[in-house]
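S.K.:
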Amino acid sequence: MATLTKITKFRRKLRRKKMGVARKAAANKNGTTPAFDIHSPEAVANAPKEQLKGK
3 MATLTKITKF RRKLRRKKMG VARKAAANKN GTTPAFDIHS PEAVANAPKE QLKGK
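In my numbering, the protein residues as written are 3 to 57.
(1) Using CA coordinates, which residue listed in R18, E52 and N48 is at the minimum distance from I40?
(2) Roughly how many whole angstroms lie between the Cα atoms of R17 and E44?
(3) At which residues does the alpha helix (DSSP H) containing I40 begin and terminate?
(4) Whole angstroms are fine: how far does the CA of F12 sit from the CA of G22?
(5) Quick one: what's got a C-beta closer than 6 Å to T7's C-beta in the same chain, skipping five residues either side?
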């Protein structure tokens with residue numbers, strides 16, 4: 003059987019290894035930038051007239 007010291011060291015190592023795994027997986031899945039509307043009514047109203055000619 004392993005000593006209590008070895009078990010403790012293994013558990014601490016495992017805990018450090020697993021830190022942030024859930025957060026990183028969620029960031030990879032959903033991204034880190036919040037979603038925003040590119041063509042919102044406010045953005046269209048504030049756009050220069052030259053920019054709206056092509057639309």
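The beta-carbon is built from N, C-alpha and C at its ideal position, and this holds for glycine as well.
Computed from a prediction, not measured in an experiment: that's the story for all the values here.
M.R.: According to the structure shown:
(1) Numbered from its first residue, the sequence shown carries residue 40 at position 38. Of R18, E52 and N48, the residue nearest in Cα terms is N48.
(2) As a position in the sequence shown, residue 17 is number 15, starting the count at 1. As a position in the sequence shown, residue 44 is number 42, starting the count at 1. Cα-Cα distance, rounded: 47 Å.
(3) Within the sequence shown, residue 40 is the residue found at index 38, counting from 1. Here I40 belongs to no alpha helix (DSSP H), and DSSP marks it neither H nor E.
(4) Here residue 22 refers to the residue found at position 20 of the sequence shown. Here residue 12 refers to the residue found at position 10 of the sequence shown. Each residue's alpha carbon lies about 18 Å from the other.
(5) The residue you call residue 7 lines up with position 5 of the sequence shown. Taken in chain order, the list of residues that qualify is empty.
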